[in-house]
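Only one structure is covered here, and it is reproduced in the block below.
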Amino acid sequence: MFAYLDKLARLTAAASALALTSCGTSGPGSYQPLPYAELRGQEEERCLASGSVAESRFIRMRSGLGGPSDCGAVSPYEMSAAGNGAIGLKPTALLRCPMIRPVDDWMVAVVSPAAVHYLGAPVTEVKVAASYSCRTRNGIVGAKLSEHALANALDVSGFVLANGRTVTLRKGWNGEPDEQAFLRAVHKEACRRFTTVLGPDADRFHFDHFHVDLARHNAAGTHRVCR
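194 is the number that my numbering gives to position 116 of the sequence shown; each next residue is one higher, with no gaps.
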């Protein structure tokens, strides 16, 4: 098995002994074993081997994420824009291979056209609230490891349009009617592309951003969570 996956297996077996401070989170507690960690690793390896993600000025492969913890990815990508540069991601997102194409497709096929339809101008920039971050879910001590810790998640807090208008989740979700319609359309279509989509109606932790990821919620990887 790949060295990265062997490492995950060893660390998962010893998860109860790992302190949260190994991922830079203060306080007592320990990580829960990762469900389907080996399958996730295999998915990443298959994606990398397939060549489905082509490097460009806006999508660059970097060295593996690792260290003395469960966090990391085999060969993640730095994604600074979608649509071959048409839609900037700021700051640059750090994501594993399987996330790149769904994020690009969501931005190009859904986000920007929806902005034109509801708001009258395309999106030129997406405000990234978080991508890779070695931490537990919602930063809660003792919680399971977040998909962010696997470079398998993206948080988006707002969108900048070509006409200079900025739409944020914090103000727009329950704001002007056109912003509400745009954000809900974007949320709905994200649920077709990711296995987890959480927005302001999900819980208090997501009141100001969309969270999207490719977590495995069942053995087949077919179950989706959309809130």
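All C-beta atoms in this analysis are idealised placements derived from N, C-alpha and C, irrespective of residue type, glycine included.
Run through DSSP, which three-state label would residue i get?
| i | result |
| --- | --- |
| His289 | strand |
| Lys333 | For residue 333 there is no data in the structure shown, the boundaries of the chain being 79 and 305. |
| Phe347 | With the chain represented from 79 up to 305, any question about residue 347 goes unanswered, as that position is not in the structure. |
| Val275 | strand |
| Val303 | strand |
| Glu133 | coil |
| Glu156 | strand |
| Arg50 | In the structure as shown, the chain starts at 79 and stops at 305, and residue 50 therefore has no counterpart that could be examined. |
| Pro200 | coil |
| Arg140 | coil |
| Gly250 | helix |
| Gly119 | helix |
| Ala280 | coil |
| Ala193 | helix |
Taking the alpha carbon of residue i as the reference point, which residue from the options has its own alpha carbon closest?
| i | options | result |
| --- | --- | --- |
| Gly161 | Gly250, Val201 and Ala229 | Val201 |
| Arg179 | Val238, Ala208 and Phe136 | Phe136 |
| His289 | Thr300, Leu197, Gly242 and Val181 | Val181 |
| Met185 | Ser211, Pro278, Gly163 and Asn296 | Gly163 |
| Pro169 | Ser158, Cys175, Met177 and Pro176 | Ser158 |
| Glu133 | Glu116, Cys149, Tyr155 and Leu117 | Tyr155 |
| Arg243 | Ala199, Phe283, Ser224 and Ala208 | Ala199 |
| Arg140 | Glu254, Ala229, Gly119 and Gly220 | Ala229 |
| Ser224 | His195, Thr274 and Pro278 | Thr274 |
| Glu203 | Val188, Ser190 and Ile165 | Ile165 |
| Leu173 | Ala268, Arg138, His265 and Asp183 | Arg138 |
| Leu167 | Arg248, Asp148 and Ser190 | Ser190 |
| Lys249 | Asp286, Lys222 and Lys266 | Asp286 |
| Ala171 | Gly150, Ser209 and Arg302 | Ser209 |
Who are the near neighbours of residue i in its chain, counting only those whose CB is closer than 8 Å to its CB and skipping five residues on each side?
| i | result |
| --- | --- |
| Arg88 | Residue confidence for Arg88 is low, a pLDDT of 37 falling below 50, so the modelled location carries little weight and cannot support an answer. |
| Leu197 | Leu239, Arg243, Val245, Asp256, Glu257 and Phe260 |
Once you ignore the five residues that flank residue i on each side, which residues in its own chain have a CB closer than 6 Å to its CB?
| i | result |
| --- | --- |
| Thr300 | none |
| Thr103 | Its pLDDT being 32, under 50, Thr103 is placed unreliably by the model, and the measurement read from it follows with that caveat. So the list reads Arg213, once near-sequence residues are dropped. |
| Gly142 | Val152 and Ser153 |
| Cys175 | Glu122, Cys125, Leu126 and Val131 |
| Arg305 | Leu276 and Ala280 |
| Ala263 | Ala192 |
| Ala293 | Glu225, Thr273 and Thr274 |
| Lys205 | Ser235 and Gly236 |
| Trp251 | Leu261 and Pro278 |
| Asn241 | Ala199 |
| Ser211 | His226 |
Report all residues from its chain with a CB closer than 7 Å to the CB of residue i; omit the five preceding and five following residues, and keep chain order.
| i | result |
| --- | --- |
| Phe283 | Asn216 |
| Lys85 | Caution applies to Lys85, whose pLDDT of 38 falls short of 50 and renders its modelled position unreliable; the model cannot decide the point. |
*Would the segment 116 to 136 and the segment 231 to 243 be scored as touching if the rule is three or more Cβ pairs under 8 Å?*
By the Cβ criterion, the segment 116 to 136 is not in contact with the segment 231 to 243, since fewer than three pairs of Cβ atoms, one from each stretch, lie closer than 8 Å.
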